[in-house]
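Protein sequences appear in the order of chains A and B.
According to the numbering used here, the first sequence holds residues 1 to 160 in order.
According to the numbering used here, the second sequence holds residues 1001 to 1160 in order.
One structure is given below, encoded as structure tokens.
Protein chains: 2
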Amino acid sequence: MPADAPAPVFISPDAMREHWQGHRRLTRRVIDAFPEDQLFAFSIGAMRTFGELAREMLGMAVPTIEGLISDEWAAYVEAQATTREELLRQWDLATETIDARWPSIPAPHFQDVVTAFGQWTMPAHALVLYLVDNEVHHRGQGYVYLRALGIEPPPFYARN
Amino acid sequence: MPADAPAPVFISPDAMREHWQGHRRLTRRVIDAFPEDQLFAFSIGAMRTFGELAREMLGMAVPTIEGLISDEWAAYVEAQATTREELLRQWDLATETIDARWPSIPAPHFQDVVTAFGQWTMPAHALVLYLVDNEVHHRGQGYVYLRALGIEPPPFYARN
């Protein structure tokens, strides 16, 4: 590549935000598909409940964006919610905040190495991908929980 | 953004390849963690076995890269493997092929809309992310299968 060629792009920051929000719309449907009495109760193999997994996702999402904007990182704190309604309310609030705050992350910062929450050191793009991957990973577990409960999960490809 | 400013980069094509290969190293460990007699037998809630899910991942990975290079797409075909050893052998072969062939995808092509396998229409970057997300999603299911079998899965963050 010549020295003055533009840096190659796999995906832009804005398309990545939209990709993540597509996943978050699907995860919201999975939360909503759990019966209220199973969301914080049902699990397999001594794993966490889907409600607990969703609280982890919430605890990481907006604080990561704020950390990438400010370069100031508090310790990680799991979100607080003990009902499906409260979880969905916080989920929707995070959706709005992600859209509003993401553009304030300076684009070149995605290539910088950061130490998130005082403990995870990696390039900022890898950190954001870790959040998305962690959500997809745990949501895949949620699909098994739903199937084991006899409930058809939403289609994996539905991101609208 | 001024008209002559470089396009913002969330992640470059080469970093994306390495990110995917990190996931593929973890998925390989998950395949290897299954007892031979459970890989194509155990499931929960009438879902597919992890062996079948891994065959799907294999059937999509290299053919997607070849399609992105040539713009010619055959129909999707699930990989053939009925033993853990054969699955791992094909997995390692795909690992080498991905590294060898990925650089032949022209970088601007990741922003083009493609119709993969004659049926899935989306930007090329979304297609590659779909492959990775699909792998993470199904691997998350594999984690539940392993836990239900009383087997500790490899750590999610281990990608080396």
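Cβ atoms here follow ideal geometry from the backbone N, Cα and C, with glycine treated the same way.
Bear in mind that the values here come from a model prediction, so they are computed numbers and not experimental data.
Which chain A residues are close to Arg1147/B, counting only those with a beta carbon under 8 angstroms from its beta carbon? What you label residue 1147/B is simply residue 147 of the second sequence in a count that begins at 1. In chain order: Ile44, Gly45, Ala46, Met47.
According to the neighbour-count rule (16 or more other Cβ atoms, all chains shown, within 10 Å of its Cβ), is Thr162/A buried or exposed? Given a span of 1 to 160 for chain A in the structure shown, any question on residue 162/A remains unanswerable.
Taking 8 angstroms as the CB-CB limit, is Arg1139/B close to chain A? As a first step, residue 1139/B must be located in the second sequence, where it is residue number 139. Yes, Arg1139/B lies at the interface with chain A (some Cβ there is under 8 angstroms from its Cβ).
In the DSSP output, what is Val1113/B paired with across the bridge? Translated into positions along the second sequence, residue 1113/B becomes position 113. According to DSSP, Val1113/B bridges with Pro1123/B.
I believe Ile1044/B touches Phe10/A by the beta-carbon criterion, under 8 angstroms. Please report the beta-carbon distance rounded to the nearest angstrom. Here the question's residue 1044/B lines up with position 44 in the second sequence. Here the question's residue 10/A lines up with position 10 in the first sequence. In fact, because the Cβ distance is near 35 angstroms, the residues do not count as touching under 8 angstroms.
Residues in the same chain with beta-carbon distance under 8 angstroms from Asn1160/B, minus the five sequence neighbours each way, listed in chain order, please. Along the second sequence, read from residue 1 onward, the residue named residue 1160/B stands at position 160. Once the five neighbours on either side are set aside, the close Cβ partners of Asn1160/B are Gly1022, Arg1025.
Verify whether the separation of the beta carbon atoms of Phe40/A and Gly142/A is less than 8 angstroms. The count along the first sequence starts at 1 and reaches residue 40/A at position 40. The count along the first sequence starts at 1 and reaches residue 142/A at position 142. With contacts defined by Cβ atoms closer than 8 angstroms, Phe40/A and Gly142/A do not form a contacting pair.
Please compile the residues from chain B whose C-beta is within a distance smaller than 8 angstroms of the C-beta of Ser12/A. Taking the first sequence and counting its residues from 1, the one referred to as residue 12/A is at position 12. Neighbours of Ser12/A on chain B, chain order: Ala1007, Pro1008, Val1009, Phe1010.
When Val1144/B, Arg1147/B, Glu1135/B are compared against Met1060/B, the one with the closest alpha-carbon: The sequence position of residue 1060/B within the second sequence is 60, counting from 1. Among Val1144/B, Arg1147/B, Glu1135/B, the Cα nearest to that of Met1060/B is on Glu1135/B.
Judging by CA-CA distance, which residue of Asp14/A, Leu149/A, Pro8/A, Arg29/A is the nearest neighbour of Glu176/A? The structure shown does not extend to residue 176/A, since chain A is modelled only from 1 to 160, so the question has no answer here.
For Met16/A, would you say it is in contact with chain B, using Cβ-to-Cβ distances shorter than 8 angstroms as the test? Counting from one through the first sequence, the residue named residue 16/A turns up at place 16. Closer than 8 angstroms: yes.
Which value, in whole angstroms, describes the spacing of the CA atoms of Ala94/A and Asp1133/B? In the first sequence, counting from the first residue as 1, residue 94/A sits at position 94. In the second sequence, counting from the first residue as 1, residue 1133/B sits at position 133. Going by the C-alpha atoms only, they are around 21 angstroms apart.
What does a CB cutoff of less than 8 angstroms around Thr1115/B pick up in its chain, not counting 5 residues either side in sequence? Translated into positions along the second sequence, residue 1115/B becomes position 115. Correct list, in chain order: Trp1073, Thr1121.
Assign Arg1017/B to buried or exposed, taking buried as 16 or more other Cβ atoms, counted over all protein chains shown, within 10 Å of its Cβ. As a working mapping, residue 1017/B is identified with position 17 in the second sequence. The residue in question, Arg1017/B, is buried, as its Cβ has 16 or more Cβ neighbours within 10 Å.
Would you say Ala1124/B and Phe1110/B are within 8 angstroms of each other, going by their C-beta atoms? For this step, residue 1124/B is matched to residue 124 along the second sequence. For this step, residue 1110/B is matched to residue 110 along the second sequence. Taking 8 angstroms as the cut-off, the Cβ atoms of Ala1124/B and Phe1110/B count as close.
Run down chain A in chain order and give the residues with a C-beta less than 7 angstroms from the C-beta of Asp1133/B. Against the second sequence, residue 1133/B aligns to sequence position 133. Taking the beta carbon of Asp1133/B as reference, the chain A residues within 7 angstroms of it are Val136, listed in sequence order.
Starting from Met1057/B and walking both ways along the alpha helix (DSSP H), at which residues does that stretch end? Walking along the second sequence from the start, residue 1057/B turns up at place 57. In the DSSP annotation of this structure, the continuous segment of the alpha helix (DSSP H) that includes Met1057/B starts and ends at 1050-1070.
Among Leu1129/B, Gln1119/B, Ile1098/B, Asp1032/B, whose alpha-carbon lies nearest the alpha-carbon of Ala1054/B? Position 54 of the second sequence, counted from the start, is the residue given in the question as residue 1054/B. Considering only alpha carbons, the answer is Asp1032/B.
From this set, Glu1056/B, Ser1070/B, Asp1071/B, which residue's C-alpha is nearest Ala1079/B's C-alpha? Taking the second sequence and counting its residues from 1, the one referred to as residue 1079/B is at position 79. That would be Glu1056/B, whose Cα lies nearest to the Cα of Ala1079/B.
My assumption, with CB atoms under 8 angstroms, is that Ile98/A sits in contact with Ile69/A. Please give the rounded CB distance. Position 98 of the first sequence holds residue 98/A. Position 69 of the first sequence holds residue 69/A. Taking a contact as a CB-CB distance under 8 angstroms, the pair Ile98/A and Ile69/A does not count as one, their CB atoms being some 12 angstroms apart.
Between the CA atoms of Trp1102/B and Val1062/B - distance to the nearest angstrom: For this step, residue 1062/B is matched to residue 62 along the second sequence. For this step, residue 1102/B is matched to residue 102 along the second sequence. The alpha-carbon atoms of Val1062/B and Trp1102/B are separated by roughly 9 angstroms.
Interface residues of chain A facing Phe1110/B [CB-CB closer than 9 angstroms]: The sequence position of residue 1110/B within the second sequence is 110, counting from 1. Listed along chain A are Pro8, Val9, Phe10, Ile11, each with a C-beta nearer than 9 angstroms to that of Phe1110/B.
In the DSSP output, which residue or residues are listed as bridge partners for Ile11/A? Counting from 1 along the first sequence, the entry for residue 11/A is found at position 11. Looking at the DSSP assignment, Ile11/A forms a beta bridge with Ile1011/B.
Using a Cβ-Cβ distance under 8 angstroms, would Leu58/A count as near chain B? Your numbering for residue 58/A matches position 58 in the first sequence. Taking Cβ atoms only, chain B never reaches closer than 8 angstroms to Leu58/A, which makes this a no.
Leaving out five residues on either side along the sequence, give the residues of the same chain with a beta carbon under 8 angstroms from the beta carbon of Leu1146/B. Here residue 1146/B corresponds to residue number 146 of the second sequence, with the count starting at 1. Only residues of its own chain outside the window of five on either side were considered, and among them Val1030, Ala1033, Phe1034, Glu1152, Pro1153 have a CB closer than 8 angstroms to the CB of Leu1146/B, listed in chain order.
Answer yes or no: do Pro1006/B and Pro8/A have a C-beta to C-beta separation smaller than 8 angstroms? Working through the second sequence from its first residue, we reach residue 1006/B at position 6. Working through the first sequence from its first residue, we reach residue 8/A at position 8. Their beta carbons are not under 8 angstroms apart, which means Pro1006/B does not touch Pro8/A by this criterion.
Do we get a CB-CB distance below 8 angstroms when we pair Leu161/A with the residues of chain B? No answer is possible for residue 161/A: it lies beyond the span of chain A, which begins at 1 and ends at 160.
By alpha-carbon positions, which one of Phe1156/B, Leu1129/B, Gly1150/B, His1138/B ends up nearest to Met1047/B? Position 47 of the second sequence, counted from the first residue, corresponds to residue 1047/B. Of Phe1156/B, Leu1129/B, Gly1150/B, His1138/B, the residue nearest in Cα terms is His1138/B.
Which same chain residues, not among the five before or five after Glu1036/B, have their C-beta less than 8 angstroms away from its C-beta? As a working mapping, residue 1036/B is identified with position 36 in the second sequence. The residues are Thr1083, Arg1084.
Identify the contact partners of Val1062/B in chain A, using a Cβ-Cβ distance below 7 angstroms as the criterion. Locating residue 1062/B in the second sequence gives position 62, counting from the first residue. By Cβ distance, chain A contributes nothing, its closest Cβ being about 18 angstroms from Val1062/B, past 7 angstroms.
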